[in-house]
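K.L.:
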Amino acid sequence: MMTSYAKPPFDLFAFITLPRPSAMASRIIRLTPSEYVHVLDSNSNITRVEVGPQTFTRKDHEEICLGPEKLVMVPSGSYCVVLNPVLRDEDDALVYNEYGQVKLRHGAREVRLAREPFPLYPGEQLVQSVVPLQLVPANEALHLRASQDFEHTLEDGTVIIRRAGDEWLFEGPGTFIPRPEVDKVADVSASVLMPNTALQLRARRTFTDRTGVTRLAGEEWLLRELDVKAAEVAAGKRKKGGAYLPAVEEEVLRVVEAYVLTDKRSLHLSAKRTFVDVYGITRKAGSEWLVTTQLSNSHIPDVNEAVVGPVEVTTLTNRQYCIVQQPVDASLRPQLGMQEVRTNTSFFLHPGESLMGGVQPVHVLAEGEALLLSAGEDFVDVDGTAYHAGSRWMLHGPCDYIPPMPVTIVEKRKVLPLDKNEGIYVRDTRSGTVRAVVGVSYLLQPNEVLWEKKMPAVVDKLLGRVGKDLTRVVSFPVPHNSAIYDFKSRVARVVFGPELAMLQPDEQFTVLSLSGGKPKKGHQIQSIRLALGPDFSTDIITVETLDHARLELQLSYNWQFEVDKTDPASAAKLFAVPDFVGDICKLIGSRVRSAVAATTFDDFHRSSAKIIRSSVFGVDETGKVRGKLLVEANNVAIINIDIQAIEPVDQSTRDSLQKSVYMAIEITTKSQEAAARHEGQRNDQASGGRLERQRIVDEVQAERERMSLLSLQAESAAVEATGQAVAEARARAESALIEATAAVKQAELKAEARKIEFDAEQQLLQVQREGELRNLSETNNLEVNKAKQLASIETLKFKSLVSSITPETIKAMAAAGPEAQAKLLAGLGLKGYVVTDGSSPINLFNTANGMIGMPPTPPAPRAQ
């Protein structure tokens with residue numbers, strides 16, 4: 001329990017000048033058992049260490065240089081490093097100089113392990129704080145280097161002399177005890193070698209490794225699992241798993257994994273320099289070889305070996321074959337320039353060997369297939385036939401064929417099936433002649449090849465041959481009533497449709513370049529076939545009348561060719577004119593222009609069709625227009641001509657023509673208006689008579705209907721009066737009944753509403769009461785819990801405060817004030833005092849009563 005004291009009415013120290021509390025506190029220092037201070041004696045200029053527990057009172061010639069500071073505590077399993085440590089004798093006692101100052105080993109470092117808490121003497125520095133000792137587990141080590149010469153005694157009494165710059169390993173498991181003369185370079189972990197793996201090492205300097213082999217600086221070698229196990233067994237340090245800790249003279253470059261060899265995979269290697277491999281075979285620099293399962297199931301490449309790559313097995317069935325170039329002999333030496341055919345086997349390609357064309361299937365020839373073969377040198381076939389170098393022959397199916405070494409397969413040929421309307425061009429390589437084979441299936445002979453027929457680009461485009469097989473016979477389907485013209489050297493022929501025209505190797509189609517467009521322009525239409533008609537062409541020509549009116553006429557001509565298909569001379573005249581469309585348009589245009597030039601505009605406007613037809617077709621002896629115009633050059637006949645449009649070229653002529661058209665339209669319109677007006681008047685008179693007659697008939701009918709209406713109105717009035725009386729009586733009865741029923745229903749609803757309101761009020765009141773009770777209960781519970789928690793917190797706080805301060809400290813604090821006051825009064829010889837600030841009044845009567853007869857207060861005992 002803490003006791004509270006009442007504050008005195010005034011302070012007796014008010015009349016005494018005392019030193020400042022801070023100055024008092026700096027003179028008296030209470031050191032706990034774990035604290036120390038450095039005290040400088042200014043008289044002797046010596047710094048000493050004061051260690052608690054004690055209450056240190058500083059003298060006037062003393063000065064606190066450092067502290068209070070905590071003692072350095074090094075727990076078990078930890079260490080610290082001190083710079084400039086103190087000098088101790090053989091009994092571990094401090095060594096002082098002649099002036100009483102403790103001696104230091106300047107520039108030295110001292111590693112201090114677990115011990116009693118100690119202070120740092122003047123000049124000492126903690127350069128490495130307290131840290132745990134490093135535990136080195138198994139398969140790990142520390143790479144250490146000596147910074148200066150020292151001697152180290154092992155547990156068995158062996159003395160090891162280390163020179164500055166020496167490097168070594170501290171291997172685990174163990175706890176590393178640091179020394180000031182030793183620096184840690186790095187942490188080293190063991191490399192675990194699994195089966196089929198090896199370490200590639202390099203020597204940093206010349207040394208003897210753990211297997212007893214002398215390694216030169218820069219040398220590289222492989223360390224396999226078997227080598228590690230043998231070295232560990234020899235050293236008595238057999239470890240599980242083949243873990244290897246590299247020495248400080250070794251550098252681990254990488255972990256080399258083995259290549260697993262199977263019956264389907266081998267390894268292609270090459271030698272970087274001359275050496276003896278793991279199989280005891282001497283390999284020359286630059287040599288290449290295969291490692292297969294016959295040597296080992298797995299192979300780890302040596303540092304002197306370069307892996308070219310894995311080699312997959314080549315497997316040939318009885319339906320496959322291959323040609324091996326430069327095959328190796330029994331001593332694995334390649335036979336340069338040789339070839340070998342292999343089939344139905346499995347093998348690895350040795351270095352220098354290669355496949356020509358890869359694995360190829362056996363050539364299976366069906367019926368209608370053949371192989372074109374060529375002999376590279378003189379040889380005799382299996383059937384006894386002798387072939388000379390360069391000769392060619394055909395091997396026909398059905399059969400299987402594997403070509404021997406001197407034989408080259410030029411190509412595989414098949415029978416070309418041709419319909420009766422299909423063909424191919426075949427060229428004889430001996431004579432050079434080209435012929436067309438049409439309508440039969442054909443297999444090329446050894447001295448025959450397919451020939452491509454070249455034609456002009458425009459012909460290929462018209463025939464659709466672009467991107468197609470040019471060895472096929474060129475054909476063109478000639479539709480009905482058409483003709484095409486093709487020519488051979490000094491021989492020409494015309495093909496009439498419907499027919500399929502097929503060209504011989506030296507034949508070409510004639511391309512027609514016809515005029516097109518409106519007005520006609522040359523070389524606008526390109527075609528191979530010529531339509532015989534009847535057909536039409538449209539052209540626009542400009543003419544000028546006798547009175548210089550320029551007109552633009554759009555004419556359409558119907559034409560057709562009159563040809564005797566049985567007469568070659570008549571047929572040949574069809575293609576006598578290259579551009580018959582342009583020619584007939586020019587012919588008709590010239591005739592029309594000459595005829596219109598001799599006619600005035602008015603006459604031409606009234607009789608344009610007759611003038612044009614008579615100018616084109618001409619008139620006979622009777623003055624009648626002829627029916628057609630025949631061009632003798634190519635037998636084309638114009639059988640009809642039509643005027644599609646006539647438009648003046650000059651604006652004045654166009655205006656005059658427009659004015660005359662408007663006048664004609666106006667006259668026609670007025671005549672039509674007059675006729676319509678007369679017809680309308682006649683129709684009005686007839687309609688008026690019919691309307692008057694219908695009016696009279698309607699009035700008679702209306703009188704009849706009015707009489708019937710009056711009779712019905714009388715009957716309706718009687719019925720209405722009777723019904724109204726009955727309805728009024730019935731309505732009054734029903735109204736009274738409804739009012740009574742409504743009153744009863746209203747009373748029932750009011751009673752039900754009051755009941756509902758009362759129930760709702762009671763329910764609401766009950767809910768409010770329950771809510772208030774629940775709220776009050778929860779509030780009380782919260783207050784109780786809060787009070788409990790606050791009491792628990794205050795209790796824990798007071799307990800923690802008391803336990804942290806300790807009862808002895810509280811007792812010393814309570815006795816410190818009265819004890820200091822008693823000592824002060826005893827030293828000054830005062831028995832009473834008053835302390836005031838000069839502004840508050842002092843009750844001296846009560847003070848005097850307290851001072852008189854008051855026994856002196858004995859001094860409080862000093863806390864021990």
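For what it's worth, the UniProt record's numbering labels the leading residue of the sequence shown as 1, then goes sequentially.
In this text, a Cβ means the ideal position worked out from N, Cα and C, and glycines have one as well.
1. If V474 and Q526 are in contact, beta carbons under 8 Å, what's the gap, nearest whole angstrom?
2. Between which two residues does the alpha helix (DSSP H) holding F617 run?
3. Could you tell me whether any non-hydrogen atom of the ligand SAH is closer than 8 Å to the CB of I793?
4. Could you give the C-beta distance for S298 and A258, rounded to a whole number, given that I count them as a contact under 8 Å?
5. Between V81 and E110, is the Cβ-Cβ spacing less than 9 Å?
6. Under the assumption that K272 contacts A217 (Cβ atoms under 8 Å), give the Cβ distance between them as a whole number of angstroms.
7. Is M338 helix, strand or coil when you go by DSSP?
8. Tell me, please, which residues DSSP counts as bridged to residue 944.
9. What residue range does the alpha helix (DSSP H) around G582 cover?
10. With DSSP as the reference, label P648 as helix, strand or coil.
11. DSSP state of Q508, grouped into three classes?
12. Please classify N849: does DSSP put it in a helix, a strand, or coil?
13. Nearest by alpha-carbon distance to V359: which of P351, F347, A370 and V415 is it?
14. Going by CA-CA distance only, name the one from L290, Q320 and D419 that's closest to V328.
15. Considering just the uninterrupted stretch of the alpha helix (DSSP H) at S296, what are its terminal residues?
16. Should V192 and Y244 be called a contact, given that it needs their Cβ atoms to be closer than 9 Å?
17. Checking the sheet assignment: what are the DSSP bridge partners for V130?
18. So V102 and I64 are in contact, right, with Cβ under 8 Å, and what is the actual spacing, rounded?
19. Beta-carbon within less than 8 Å of N84's beta-carbon, same chain only, minus the 5 sequence neighbours each way: which residues are those?
20. Return the chain-ordered list of same chain residues with a C-beta closer than 7 Å to the C-beta of M405, the five sequence neighbours on each side being excluded.
21. Just verifying my parser: in three-state terms, what is the DSSP assignment at K239?
22. Taking a contact to mean a Cβ-Cβ separation below 9 Å, would you say P178 touches L133 in this structure?
23. Closer than 6 Å by C-beta to D564: which residues in its own chain qualify, once you throw out the five before and the five after it? Chain order, please.
24. Do I643 and S608 have their C-beta atoms within less than 9 Å of each other?
25. Pick helix, strand or coil for H605, following the three-state DSSP scheme.
26. Counting only the same chain and skipping the five closest in sequence on each side, list residues whose C-beta sits under 8 Å from that of L332.
27. Going by alpha carbons, who is nearest to I612 out of H268, V631, N635 and N640?
28. Output needed for D41: all residues of its chain with C-beta closer than 8 Å, excluding positions within five of it in sequence on either side, in chain order.
29. What's the C-alpha gap between Y96 and N45?
30. My assumption, with CB atoms under 8 Å, is that T545 sits in contact with V596. Please give the rounded CB distance.
31. Can you find the residues in the same chain that come closer than 6 Å, C-beta to C-beta, to P334, ignoring five residues on each side of it along the sequence?
32. Sort R58, E116, P578 and E98 by Cα distance to S34 and report the nearest one.
33. Less than 8 Å between the CB atoms is what I'm expecting for G397 and L365, so what's the real figure, rounded?
34. Which of helix, strand or coil does DSSP assign to F176?
35. For the alpha helix (DSSP H) that contains T461, what are its first and last residues?
36. Are I409 and H363 close, meaning C-beta to C-beta below 9 Å?
P.N.:
Looking at the atomic coordinates:
1. Not really, about 17 Å apart at Cβ, beyond 8 Å.
2. S608 to F617
3. Judged by which ligands are present, the structure shown has none, so any question about the ligand SAH falls away.
4. 4 Å
5. yes
6. Their Cβ separation, rounded to whole angstroms, is 19 Å, which puts K272 and A217 out of contact at 8 Å.
7. coil
8. Look at the range of the chain in this structure, 1 to 864, and you will see that residue 944 is not part of it.
9. F580 to A597
10. For P648, the secondary structure class from DSSP, reduced to helix, strand or coil, is strand.
11. Looking at Q508 - three-state DSSP - the assignment turns out to be strand.
12. Any reading at N849 is ruled out, since the residue's pLDDT is 48, under 50, leaving its predicted position unreliable.
13. F347
14. L290
15. Careful: S296 lies outside any alpha helix (DSSP H) and carries neither H nor E.
16. Closer than 9 Å, so yes.
17. Answer is none; V130 lacks a bridge partner.
18. Going by Cβ atoms, the distance from V102 to I64 rounds to 18 Å, so no, they are not a contact pair.
19. L104, R105, H106, G107, A108, G123, E124 and Q125
20. Q339 and V341
21. Here K239 scores only 46 on pLDDT, less than 50, and its place in the model is too uncertain to base an answer on.
22. yes
23. S570
24. The answer is yes: Cβ separation under 9 Å.
25. helix
26. W289 and H350
27. N640
28. T47, R48, H61 and E62
29. Just so you know, the alpha carbons of Y96 and N45 end up roughly 14 Å apart.
30. The Cβ separation is near 6 Å, so the contact holds.
31. Q326, V328 and G352
32. E116
33. 3 Å
34. strand
35. A small correction: the amino acid at residue 461 is Lys; Thr does not occupy that position in the sequence shown. Start and end: A457 to L463.
36. yes
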